[in-house]
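Take a look at the structure set out below.
Chains as they are written, first to last, in our numbering: chain A, 37 to 484; chain B, 26 to 205.
As structure tokens, this is what we get:
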């Protein structure tokens, strides 16, 4: 049976990108309800009741984040939407924004009303330029219909919403790096505290939320927080967009009720339809490239033999020893022919490329890890190199200003933890493993 | 460190830049830097020369170094001359799992350049880039503002041929999709 959909319920409807069709299907009724029947405090309460957790990756309770917002008299407050979707394996926000841009705009206005923000910005990664244009068209429609600007729907609430494009930097998905970038600077994360809730954009109190989080506020206002909380399992309430990719028969964006068994998600025809070309599943990265990789047996069942569910708690069951994280919901499946060592090198190159260079452990360590993996892939590694990799990752994790260091360390730690034999095979037999030359060449590609 | 060329936005681009600057509170116009660098890159042949960056600094009334440090941080800004079509092949994760390397190798062979280089006729620059958020439709590449997804080598051939035939510059700020 198909699960309940709250965000993508109408995404198949022709023309849903336009304001007219969006409104025909109930669009902007939540905003009307928020402005005419609710106080800002009531909206924050409903979001707290809903149990909604940040959908960008950290999973922090949204209502709590909102309630931290400082409200000094006479100081502007800002809502900033994090649309800098860059976590490898994640493409749900792009899908949502290009299909139903008004869902995000409606969420932005209603959330801004709840937070008392007169201005909001949607910071979208530069590569999504065409999506930024879709959003700008939607915003123009909203202004024309009196849904943005002065005295929205005669409520007395004024609000302006703008789209800001980035220019290619994974690090700007980190909320304080994003704020730096929005201020026209390099995307170097800030030291916290102070948190953005106290001193964010231009030093003013700011809430930064992911696209999907802000969109989820719309059904929460419409149906109430309790109704939202009744979906899902335990503290994993509501629905979640999963970006499914890799060796799957049906990759794509799926809205699931949190709590769907992983096995059902991978193999049922309703979702991913199994592994391509009838191959076996080898491993899964369940929440974007940063979360620990798990071998097939541990992603399908926990160490205790319980079926693993698509929820924050179930995916984390067993800690990092035998579990992983839901993260951004970037679900990457790898078939039996995938080389875990090569895949890890691909990830490590990514983190090396994307490290902002501010903290030494991350700036230096990511480069060392990439080089050592390259050496191992090239057939020149030793068993001591595997231990050295382990040592380096342990000296990055938790020792940097922002979580990019952790994100670079976890894939390395988990790959060695679960697939150490494969590393040893490369050490012993690397020169005979097919395609090694090719990887060597690829790694030497020069960038513009 | 300006070059000889005189940089100046067209009236239309200047109007866009001014519209963008009004989005921020008084005194915070530096926030417009990244959007305006995109405009400059589109207007001045797809790259940001020192002269172009100095011009952007003058528009925003900030020091040139504030522009250089930002332009050199973000991967979408080209600090060297590039071809009319910059082909950016995603090399990360799912694209890599599903054959991104074959795509890169194929384009290198077809255009007789390595990744990072520009063809002699100035038509194409080939770059490899990190995840572009199109993992469900891997492998993919971006050219200008457009995504080309679910690539096969045949599709890549058709795309490059059409681009060459049309001979236009493609920039991030414009939709200029080549139909496959």
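The C-beta atom is built at its ideal place from N, Cα and C for all residues, glycine as well.
Discussion item. Run through chain B and tell me which residues come within less than 9 Å of residue 221/A, C-beta to C-beta.
Written reply: Here the neighbours are 55, 58, 91, 94, 95 and 98.
Worksheet entry | Contact set between residue 201/A and chain B, taken where Cβ atoms lie within less than 8 Å | Simply 59, 60 and 63.
Worksheet item: Under the rule that 16 or more other beta-carbon atoms within 10 Å means buried, what is residue 377/A, buried or exposed?
Response: Per the 10 Å Cβ criterion, buried.
Worksheet item: In chain order, what residues of the same chain have a beta carbon less than 6 Å from the beta carbon of residue 315/A, not counting five sequence neighbours either side?
Response: The beta carbon of residue 315/A sits closer than 6 Å to those of 371 and 372, all from its chain and outside the five residues before and after it, given in chain order.
Practice prompt. Would you grab the beta carbon distance between residue 82/A and residue 257/A for me? Rounded to a whole angstrom, and I think it's under 8 Å.
Written response: That belief holds up - the Cβ atoms of residue 82/A and residue 257/A are roughly 6 Å apart, short of 8 Å.
Practice prompt. Using a Cβ-Cβ cut-off of less than 9 Å, give me the residues of the region 158-174 of chain B that come near chain A, in sequence order.
Written response: Residues 158, 159, 160, 161, 162, 163, 167, 169, 170, 171 and 172.
Item to complete: Could you tell me the distance, in whole angstroms, from the CA atom of residue 308/A to the CA atom of residue 284/A?
Response: Rounded to the nearest angstrom, the two C-alpha atoms are 6 Å apart.
Worksheet item: So the beta strand (DSSP E) residue 114/A belongs to, where does it begin and stop?
Response: Counting along the chain, the beta strand (DSSP E) containing residue 114/A begins and ends at 114-119.
Practice prompt. Keeping to the same chain, check which residues put their C-beta closer than 6 Å to that of residue 363/A; ignore five residues upstream and five downstream.
Written response: Apart from sequence neighbours up to five positions away, the residues of its chain that approach residue 363/A with a beta-carbon distance below 6 Å are 93, 323, 324 and 327, ordered along the chain.
Worksheet item: Taking the beta strand (DSSP E) that residue 172/B falls in, what are its first and last residues?
Response: Unbroken beta strand (DSSP E) run through residue 172/B: 171-173.
Worksheet item: Secondary structure at residue 147/A, three-state DSSP: helix, strand or coil?
Response: Looking at residue 147/A - three-state DSSP - the assignment turns out to be helix.
Practice prompt. Label residue 419/A either buried or exposed according to how many other C-beta atoms from any shown protein chain fall within 10 Å of its C-beta, with 16 as the threshold for buried.
Written response: Exposed is the call here.
Fill in: Partners in chain A for residue 48/B, counting only beta-carbon separations shorter than 7 Å
Ordered by position in chain A, the residues that pass the 7 Å Cβ test against residue 48/B are 198.
Practice prompt. Let me know the secondary structure DSSP gives residue 477/A once reduced to three states.
Written response: Residue placement at residue 477/A cannot be trusted, given a pLDDT of 39 that sits under 50; what the coordinates show is reported in the next sentence. Correct three-state label for residue 477/A: helix.
Worksheet entry | Nearest neighbour of residue 230/A, chosen from 239/A, 223/A and 48/A [CA to CA] | Considering only 239/A, 223/A and 48/A, the residue with the shortest C-alpha distance to residue 230/A is 239/A.
Discussion item. Is residue 488/A close to chain B? Criterion is C-beta to C-beta, closer than 8 Å.
Written reply: Given a span of 37 to 484 for chain A in the structure shown, any question on residue 488/A remains unanswerable.
Item to complete: Compare the C-beta of residue 128/B with all C-beta atoms of chain A and state if any pair is closer than 8 Å.
Response: Not an interface residue.
Worksheet item: Thinking C-beta only, is residue 117/A closer than 8 Å to residue 144/A?
Response: For residue 144/A and residue 117/A, yes; Cβs fall inside 8 Å.
Worksheet item: Where residue 129/A and residue 29/B are concerned, what is the direct C-alpha to C-alpha distance, given to the nearest angstrom?
Response: Straight across, the Cα-Cα distance linking residue 129/A with residue 29/B is about 44 Å.
Discussion item. Taking the beta carbon of residue 134/B as the centre, do at least 16 other beta carbons fall within 10 Å, making it buried, or is it exposed?
Written reply: Under this definition residue 134/B is an exposed residue.
Worksheet item: At a Cβ threshold of 8 Å, is residue 117/B touching chain A?
Response: Output row for residue 117/B: interface = yes.
Worksheet entry | Proximal chain B residues relative to residue 218/A, where beta-carbon distance stays under 8 Å | Those within 8 Å of residue 218/A in chain B are 56.
Item to complete: Go through its chain and collect everything with a Cβ distance to residue 571/A's Cβ below 7 Å, but skip five positions before and after it.
Response: Past the boundaries of the shown model lies residue 571/A; chain A is included only from 37 to 484, so the question cannot be answered.
Fill in: Rounded Cβ spacing between residue 117/B and residue 155/B (contact assumed at less than 8 Å)
The Cβ separation is near 5 Å, so the contact holds.
Item to complete: Please state whether DSSP places residue 196/A in a helix, a strand or coil.
Response: Under the three-state reduction of DSSP, residue 196/A is assigned to strand.
Discussion item. Taking the alpha carbon of residue 170/A as the reference point, which residue from 75/B, 200/B, 87/B and 188/B has its own alpha carbon closest?
Written reply: For residue 170/A, the nearest C-alpha among the options comes from 200/B.
Item to complete: State yes or no: is the C-beta of residue 150/B within less than 8 Å of the C-beta of residue 112/B?
Response: Yes, these two residues count as a Cβ contact at 8 Å.
Practice prompt. Quick one: residues in its chain with C-beta nearer than 8 Å to the C-beta of residue 135/A, no 5 flanking neighbours on either side, listed in chain order?
Written response: Sequence-distant Cβ neighbours of residue 135/A in its own chain, meaning closer than 8 Å and more than five residues away, are 44, 47, 52 and 53.
Worksheet item: Taking Cβ-Cβ distances shorter than 7 Å, what residues in chain B pair up with residue 301/A?
Response: For residue 301/A, no chain B residue has a C-beta closer than 7 Å to its own C-beta; the minimum C-beta separation is roughly 14 Å.
Discussion item. As a quick exercise: from 291/A, 375/A, 340/A and 293/A, pick the residue whose alpha carbon is nearest that of residue 318/A.
Written reply: Relative to the Cα of residue 318/A, the nearest Cα in the group 291/A, 375/A, 340/A and 293/A belongs to 375/A.
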